[in-house]
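Asks: Here's a structure for you.
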Amino acid sequence: MSITIALAGNPNCGKTTMFNALTGSAQFVGNWPGVTVEKKEGRLKGRKDVAIMDLPGIYSLSPYTLEEVVARNYLTHERPDVILNLVDASNIERNLYLTTQLLELGIPVVVALNMIDVVKKRGDKIDIAKLSATLGCPVVETAAVKGEGCMAAAEKAAALALTKEPFVPRHTFAQPVEEALSSISQLVKDVVPADSLRWYAIKLFERDEKVMACFTLSADASTRLEAFIRGCEEAMDDDSESIITNERYTYISKVMSHCVKKVRTGLSTSDKIDRIVTHRILALPIFAVVMFLVYALSMGSFVIETDTFTIPISIGTAATEWTNDVLFGEIVPNFLNGFLLGADGAPVIAQWLYGLIMDGIVAGVGAVLGFVPQMLVLFLLLCILEDIGYMARIAFIMDRIFRRFGLSGKSFIPMLVATGCGVPGIMASRTIEQDRDRKLTVMTTGFIPCGAKMPIIGLFAGALFGGSAWVATSAYFIGVAAVVISGVILKKTRIFAGDPAPFVMELPAYHVPKAVNILRGTWERGWSFIKRAGTVILVSSVVLWFLQGYGIVDGALQAVEDNNTSLLATIGSAIAFLFAPIGFGTWKPAVAVFTGLIAKENVVGTFGVLYGFAEVAEDGAEIWGNIASDFTGITAYSFMIFNLLCAPCFAAMGAIKREMNSPKWTLGAIGYMCGFAYVISLMVYQFGGLITGEVSFGVGTVAAVLCLAALIYLLFRKGYQGDTVRLRAVDAVRA
């Protein structure tokens, strides 16, 4: 007989650590049907008959966030055999709010008091026997980080599931509330499952829209239901949702007074650290230093040089350079050539097949894997910051800045991750509660220059700007400015109108990161990058190889020596006119823009191929002269800005589609980014060209003036004054 255990708990309660401890490597990651929230399912170690389902971290079963909807639908519709509810014992009062809701579902519950080691270290005491008797369910002490009590909790849950005993919650509310709930239960008892009757009654009492939509009540029944609710609201002098929230916390307070004894010893170590790292003045400088070190180690080009040795500070860049220059520049090609080339140096297989393998497949895989070392180092460092609890502080710090531009502090996390790669950055947006804020973040995250865009900046900075540092610096500022401007403009539209959702986030206690969690998190993110980006770039590189190597000659498809007669040139010439108003209306840069959609780092490689260089350095130093002859300073800057701000690579587009979960929204997001990039590049080229004398006043200049006027209008116009975000009663209580 198979048993399903659902892991449920608040964010940062140690649920993922518990899941990993229970399942080891036997886990399966996928998506919930119809939504973008990931689910993890695994088998209990040593028990193939016990499945563990890791639900998203949630604060309640109210349908306000995507995670809450997913978790609630799973618990109410699929109904696991038992719930293993992880409770952060160091924040037990806040965590028990979800516990009271889980107990009402009628599903057997085992409460795992996690982080019990932190409680004991503080000197606090929790009476497990009293807590179990009060809640009416088994309670087990665990310390998932140390691997203590995890298997005992799971075995207890599995044993409880086998009993098949109906579960009845023990907590009750005030008399007027209980009378109203009793009346509602009688009203709907024939249309809801008997074991979850109380939960449905409470949700109907709260006027939960998603639950009420599941019922088709007669006009008389609806009138009676509203009368029961209004009668209680008048008696309690409050709205129904607030009544239930207050009743829950009243009950939790009683539980705390009977079962928990706290020793007050002033500020904890975490509180003392937070007084510095979240300080109103010091927080941002500290954050800047931390992030500088992260990117210096993962993606920078910093070295320590002495008279006797040179030490690269950037571990990721050093590994990437070795992968590109040695592994895929020498080892792999030489190894394959040993099989593919004869003694005379000629291929022993068909020339087209040799080109496909070496210039298509090997080059495509190398382009992806060469970038992976930087990604792994970046993910490793971010996992460390996340595991010790600092990432939650970053969102808290940035909230007060981002909120001024209509974004939540949680929007900063995806943008931070996107500086390494847009794919995981866009995927990180799923942590944002409000659907409109999440969509807005997805639409703007791609503006941040990612690591794959760095070669484009290096190419033009070296070829036309003497390697000036301000070019790269300005690229970052333009990316951030694009996010800010877009946030202001889009928040004034009807679709995105309204203040950001109330920012509620648990700040976990600082703790020493666990190596297993960090390495597992790094590998999962790295493997996700390889799968999502690698497959797309591999296929795209093969297509690019074919298009630039073949053309129509004498009415037949043939291999061509001159790429000006290739299929790629034909395609580029057909679309080149679109880019004439922004400064680069010839087929070569048009093709580079096209291949940049495949992978941004392909832009430099494309110019290398088109200019007759089989291989070029990361910054394209070999083709600087060709670039300088085909571009001017203003056209180069326009080209760079367009490629930095327009639609991201195909892999990132796939991530956008996955997070938007709608073709319409996906096309809208990509269209907005391309349109915004075109407008900015148009103004850069037309206004800059007028100043330098490269552009004469004409239709393009008039269009640029109109775009500037429209941009100013959209920035300063009065926003849509429609719906506003309602502060939940539960948020008010937490505050």
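Every number in the numbering used here is 197 more than the matching position in the sequence shown, counting from 1.
C-beta atoms are modelled at their ideal positions from N, C-alpha and C, and glycine is treated no differently.
1) Looking at residue 456: is its Cβ nearer than 9 angstroms to the Cβ of residue 323?
2) What does the alpha-carbon distance come out to for the pair residue 554 and residue 535?
3) So residue 250 is in the beta strand (DSSP E); what residue range does that whole segment cover?
4) Between which two residues does the alpha helix (DSSP H) holding residue 881 run?
5) Check whether the region 237-254 and the region 266-279 touch, using three or more Cβ-Cβ pairs below 8 angstroms as the test.
6) Which residues in the same chain have their Cβ closer than 6 angstroms to the Cβ of residue 797, if we skip the five residues on either side of it in sequence?
7) Going by C-alpha to C-alpha distance, which of 775, 746, 776 and 774 sits closest to residue 762?
8) Whole alpha helix (DSSP H) runs in the region 256-336 with 4 or more residues, listed along the chain?
9) Three-state secondary structure (DSSP) at residue 780?
10) Please state the DSSP three-state secondary structure of residue 694.
11) Taking residue 244 as the reference, which of 202, 368 and 829 has the closest Cα?
12) Does DSSP classify residue 221 as helix, strand or coil?
13) Determine the closest residue to residue 782 out of 905, 835, 313 and 318, with distance taken between C-alpha atoms.
14) Please tell me whether residue 841 and residue 621 are closer than 9 angstroms, where the distance is taken between their beta carbons.
15) Could you spell out where the alpha helix (DSSP H) holding residue 753 opens and where it closes?
16) At the level of alpha carbons, what is the spacing between residue 422 and residue 441?
17) For residue 364 versus residue 411, is the C-beta distance shorter than 9 angstroms?
18) Looking at residue 280: is its Cβ nearer than 9 angstroms to the Cβ of residue 307?
19) For residue 947, I'd like the list of residues in its chain whose CB is within less than 6 angstroms of its CB, leaving aside the five on either flank, ordered along the chain.
20) Would residue 311 and residue 713 qualify as a contact pair, given that the criterion is a beta-carbon distance under 9 angstroms?
21) So, helix, strand or coil for residue 403, using DSSP?
22) Please state whether DSSP places residue 214 in a helix, a strand or coil.
23) Classify residue 206 as helix, strand or coil using the three-state DSSP reduction.
24) Look at the alpha carbon of residue 615 and the alpha carbon of residue 677, and state the distance between them as a whole number of angstroms.
25) Using beta-carbon positions only, say whether residue 305 and residue 351 come within less than 9 angstroms of one another.
26) Below 9 angstroms between beta carbons: does that hold for residue 220 and residue 242?
27) So is residue 471 buried or exposed if we call it buried at 16+ other beta carbons inside 10 Å?
28) Can you give the Cα-Cα distance for residue 341 and residue 318, rounded to whole angstroms?
29) Closer than 8 angstroms is the cut-off here; do at least three beta carbon pairs connect the region 820-827 with the region 595-612?
30) Could you check whether residue 748 and residue 584 sit closer than 9 angstroms to each other, using their CB atoms as the reference points?
31) What does the Cβ neighbour count give for residue 856, buried or exposed, with the cut at 16 atoms within 10 Å?
32) On a Cα-Cα basis, can you pick out the residue from 404, 433, 686 and 629 that is closest to residue 372?
33) Roughly how many angstroms separate the alpha carbons of residue 909 and residue 866, rounded to a whole number?
34) Where do the N-terminal and C-terminal ends of the beta strand (DSSP E) with residue 749 fall, by residue?
35) Please list, in chain order, all residues of the same chain as residue 399 whose beta carbon is under 7 angstroms from its beta carbon, the five residues on each side excluded.
36) How about residue 608 and residue 629: do their beta carbons lie closer than 9 angstroms?
Replies: Reading off the structure:
1) On the sequence shown, position 259 is the one that residue 456 refers to. On the sequence shown, position 126 is the one that residue 323 refers to. It is a contact, given that the beta carbons lie within the stated cut-off.
2) The residue given as residue 554 occupies position 357 in the sequence shown. The residue given as residue 535 occupies position 338 in the sequence shown. Their backbone Cα atoms lie some 13 angstroms apart in a straight line.
3) To locate residue 250, count along the sequence shown from 1; it is residue 53. Element bounds for residue 250: 244-251.
4) As a first step, residue 881 is located in the sequence shown; it is residue number 684 there, counting from the start. Looking at the DSSP string, the run of the alpha helix (DSSP H) that includes residue 881 is 860-889.
5) yes
6) One-based indexing of the sequence shown puts residue 797 at position 600. Cβ neighbours of residue 797 beyond the five flanking positions: 649, 650 and 846.
7) On the sequence shown, position 565 is the one that residue 762 refers to. Nearest C-alpha to residue 762: 746.
8) 263-270, 289-300, 313-319 and 325-332
9) Stepping through the sequence shown from its first residue, residue 780 is reached at position 583. Three-state result, residue 780: coil.
10) Counted from its first residue, the sequence shown places residue 694 at position 497. Of the three classes helix, strand and coil, the one that applies to residue 694 here is coil, per DSSP.
11) Counted from its first residue, the sequence shown places residue 244 at position 47. Cα-wise, what sits closest to residue 244 is 202.
12) The residue you call residue 221 lines up with position 24 of the sequence shown. Reduced to three states, the DSSP call for residue 221 is coil.
13) Locating residue 782 in the sequence shown gives position 585, where the first residue counts as 1. Nearest C-alpha to residue 782: 835.
14) One-based indexing of the sequence shown puts residue 841 at position 644. One-based indexing of the sequence shown puts residue 621 at position 424. Cβ distance not < 9 angstroms, so residue 841 and residue 621 don't count as in contact.
15) In the sequence shown, the residue the question calls residue 753 occupies position 556. Here residue 753 belongs to no alpha helix (DSSP H); instead the beta strand (DSSP E) covers 753-756.
16) Numbered from its first residue, the sequence shown carries residue 422 at position 225. Numbered from its first residue, the sequence shown carries residue 441 at position 244. One C-alpha to the other measures close to 16 angstroms.
17) Numbered from its first residue, the sequence shown carries residue 364 at position 167. Numbered from its first residue, the sequence shown carries residue 411 at position 214. Not closer than 9 angstroms, so no.
18) Taking the first residue of the sequence shown as position 1, residue 280 is located at position 83. Taking the first residue of the sequence shown as position 1, residue 307 is located at position 110. In this structure, residue 307 lies closer than 9 angstroms to residue 280 by Cβ.
19) The requested residue 947 does not occur in the structure, where the chain is confined to residues 198 to 932.
20) As a working note, residue 311 is residue 114 in the sequence shown. As a working note, residue 713 is residue 516 in the sequence shown. Cβ atoms of residue 311 and residue 713: not closer than 9 angstroms.
21) Taking the first residue of the sequence shown as 1, we reach residue 403 at position 206. Residue 403: coil per DSSP, three-state reduction.
22) Taking the first residue of the sequence shown as position 1, residue 214 is located at position 17. Note: residue 214 maps to helix in three-state DSSP.
23) Locating residue 206 in the sequence shown gives position 9, counting from the first residue. Three-state result, residue 206: strand.
24) Stepping through the sequence shown from its first residue, residue 615 is reached at position 418. Stepping through the sequence shown from its first residue, residue 677 is reached at position 480. Between residue 615 and residue 677, the C-alpha separation is close to 12 angstroms.
25) Numbered from 1 along the sequence shown, position 108 holds the residue referred to as residue 305. Numbered from 1 along the sequence shown, position 154 holds the residue referred to as residue 351. Going by C-beta atoms, residue 305 is not nearer than 9 angstroms to residue 351.
26) For this step, residue 220 is matched to residue 23 along the sequence shown. For this step, residue 242 is matched to residue 45 along the sequence shown. In contact: residue 220 and residue 242 (Cβ atoms closer than 9 angstroms).
27) Looking up residue 471 in the sequence shown gives position 274. It counts as buried.
28) In the sequence shown, the residue the question calls residue 341 occupies position 144. In the sequence shown, the residue the question calls residue 318 occupies position 121. Roughly 16 angstroms separates the two Cα atoms.
29) no
30) The residue you call residue 584 lines up with position 387 of the sequence shown. The residue you call residue 748 lines up with position 551 of the sequence shown. It is not a contact, given that the beta carbons lie outside the stated cut-off.
31) Counting from 1 along the sequence shown, the entry for residue 856 is found at position 659. With 16 or more Cβ atoms within 10 Å of its Cβ, residue 856 is classed as buried.
32) Locating residue 372 in the sequence shown gives position 175, counting from the first residue. Among 404, 433, 686 and 629, the Cα nearest to that of residue 372 is on 433.
33) Here residue 909 corresponds to residue number 712 of the sequence shown, with the count starting at 1. Here residue 866 corresponds to residue number 669 of the sequence shown, with the count starting at 1. Rounded to the nearest angstrom, the two C-alpha atoms are 21 angstroms apart.
34) In the sequence shown, residue 749 corresponds to position 552, counting from 1. Where residue 749 is concerned, the enclosing beta strand (DSSP E) stretches over 747-750.
35) Mapped onto the sequence shown, residue 399 falls at position 202. So the qualifying residues of the chain are 301, 378 and 441.
36) Numbered from 1 along the sequence shown, position 411 holds the residue referred to as residue 608. Numbered from 1 along the sequence shown, position 432 holds the residue referred to as residue 629. Yes. Within cutoff.
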